[in-house]
Amino acid sequence: MIETHTRILGIAPYDGMRTAMEQAAQAYPNVEMDIYTGDLEDGQAIVQQMPPNSYDCIISRGGTAALIRQVTDLPVVDIHISVYDVLRTMKLAENYSSLYAIVGFPSITEPAHTLCSLLDFNLDILTVNNAAEVRHTLERLQQGGYRMVVCDMVTHTIAREMGFDAFLITSGVESLHAAIDQAVNISSWFGHLRQENLFLRSITQGQNGRVIVMESNGDLFYSSISEVPAELSSVLQSHIREIPASGNLRFYYTERDQLYSITAQQLLMNNVQRYLFYCVPARIPLHSSRPGLRTLNKGECEYLFANSFYSLSGAMGTQAAEIRSLALLRQPVFIYGEPGTGKEQIARYLYLHSSLANHPFIVVNCALLNEKTWDFLLNHYNSPLSATGNTIYFQNFESIPPQWSSELLAAIE
0 MIETHTRILG IAPYDGMRTA MEQAAQAYPN VEMDIYTGDL EDGQAIVQQM
50 PPNSYDCIIS RGGTAALIRQ VTDLPVVDIH ISVYDVLRTM KLAENYSSLY
100 AIVGFPSITE PAHTLCSLLD FNLDILTVNN AAEVRHTLER LQQGGYRMVV
150 CDMVTHTIAR EMGFDAFLIT SGVESLHAAI DQAVNISSWF GHLRQENLFL
200 RSITQGQNGR VIVMESNGDL FYSSISEVPA ELSSVLQSHI REIPASGNLR
250 FYYTERDQLY SITAQQLLMN NVQRYLFYCV PARIPLHSSR PGLRTLNKGE
300 CEYLFANSFY SLSGAMGTQA AEIRSLALLR QPVFIYGEPG TGKEQIARYL
350 YLHSSLANHP FIVVNCALLN EKTWDFLLNH YNSPLSATGN TIYFQNFESI
400 PPQWSSELLA AIE
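Read left to right, the sequence shown gives residues 0 to 412 (numbering that gives the first Met the number 0).
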């Protein structure tokens, strides 16, 4: 069994607590604990100076712990003040005849309120939320005739300067052990989460495809690649509003002569809506090295048609509605015309208005195919004829050699 060590950073508000924390840590052989003295902003500054990933957890107390939470992503465990800690200090104060009040941060005053309620003590308990409030609070007590306070370290220091008798509420060994136990448990839990996170990241980064998660506004939340190309990011952002609440959206993207199939879906994480994109290289390269085979995506077909004679001149005319109605059919369409009449543009228009427009548009120029390409087209498992959802346009259909025509018809059927 692998022995694990928990790395804990301890920030003690005063030297006496630092000594107590060092003694308490000796009971934990699997804990590596570095302890520094620093109250409030001083303790916060110590944490900010620490190199990243130096510790698994931080232990501190009261207002210092609250300030540390503002500057770190690490879990911060508060050394709680128990009612027994408060009661011990109150018993010491009762040995004196002076009137006293309890002053401190909520970690001090909350258990004090509980204790006084249980024991029916009638004491003034004053809560401060930052060091700036302490002197003003003590001045009010002086005006009310108080000369003694039971308090935390911040109040203790200022009270002594102002001439008060001050009794410091210290954390007992039970509270210190409870804090270390909690820190070990939290660190173990966070460690498992980190390992799981690294495992999942290694899986996504090792895949041929790209995994990208975006916020609702298009900002990048996660990517399995170190840098998302600006063009790809823009394409993904443009499709965010099209992603259905349930199910997937599929579309295609071209990058450096490679066609990517992209599957997008909504992702709800901790009640926050995000969008997952899984980008996989298509099996058929966009511009095939095989003579007579070309693969285009929707965007390229839209661009080519928009710059064609049919689009620029409006020559499609009333035929546009008829062609769109043909695009709704799942039957083969035969396009006949004289050379130069733009039959490929008609084929692209049919494709763009069909339900398969998010799948590849493959042009098979029968006049350019050689024997090797015919063999690939009819017999190879990676042939576009073997894939589902493709739109295949056979250009120069009349040029098919007789020896291949029967096999092609059999493959199409």
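Even for Gly, the Cβ is constructed at its ideal location relative to N, Cα and C.
Asked                                                                                                                                                     : Found
How would you call residue 366, buried or exposed, if buried means at least 16 neighbouring beta carbons within 10 angstroms?                             : exposed
Let me check understanding here. Comparing Cα to Cα, which of 260, 248, 9 and 172 lies closest to residue 26?                                             : 172
Can you look up residue 310 in the DSSP assignment and give me helix, strand or coil?                                                                     : helix
Quick one: residues in its chain with C-beta nearer than 7 Å to the C-beta of residue 82, no 5 flanking neighbours on either side, listed in chain order? : 110, 113 and 114
Taking 9 Å as the cut-off, decide whether the C-beta atoms of residue 261 and residue 249 are in contact.                                                 : yes
Decide if the region 328-335 is in contact with the region 376-388; the criterion is three or more beta carbon pairs, one per stretch, under 8 Å apart.   : no
Would you say residue 56 and residue 70 are within 9 Å of each other, going by their C-beta atoms?                                                        : no
Can you tell me the Cα-Cα spacing of residue 147 and residue 78, whole angstroms?                                                                         : 25 Å
Buried or exposed, going by whether 16 or more other CB atoms sit within 10 Å of the CB of residue 12?                                                    : buried
Please report the distance separating the alpha-carbon of residue 136 from that of residue 67.                                                            : 24 Å
Based on Cα-Cα distance, which residue from 368, 4 and 328 lies nearest to residue 187?                                                                   : 4
Residue range of the alpha helix (DSSP H) that residue 120 falls in?                                                                                      : Element bounds for residue 120: n/a, residue is neither H nor E.
Would you say residue 298 and residue 348 are within 9 Å of each other, going by their C-beta atoms?                                                      : no
Between residue 345 and residue 363, is the Cβ-Cβ spacing less than 9 Å?                                                                                  : no
Measure from the alpha carbon of residue 235 to the alpha carbon of each residue in 275, 134, 271 and 225, then state which is nearest.                   : 275
With DSSP collapsed to three states, give me the class of residue 383.                                                                                    : helix
Go ahead and pull the three-state DSSP assignment for residue 33.                                                                                         : strand
Helix, strand or coil for residue 218 per DSSP?                                                                                                           : coil
Beta-carbon separation of residue 213 and residue 239 under 9 Å?                                                                                          : yes
Taking the straight line between their C-alpha atoms, what separation do you get for residue 52 and residue 125?                                          : 39 Å
So, residue 73 versus residue 100, is the Cβ gap smaller than 9 Å?                                                                                        : no
Contact check, residue 310 vs residue 341 under 8 Å by CB: the rounded distance?                                                                          : Their Cβ separation, rounded to whole angstroms, is 10 Å, which puts residue 310 and residue 341 out of contact at 8 Å.
Would you call the region 82-98 and the region 40-47 touching, i.e. three or more CB-CB distances under 8 Å?                                              : no
When we look at the beta-carbon of residue 18 and count the other beta-carbons within 10 Å, is it buried (16 or more) or exposed?                         : exposed
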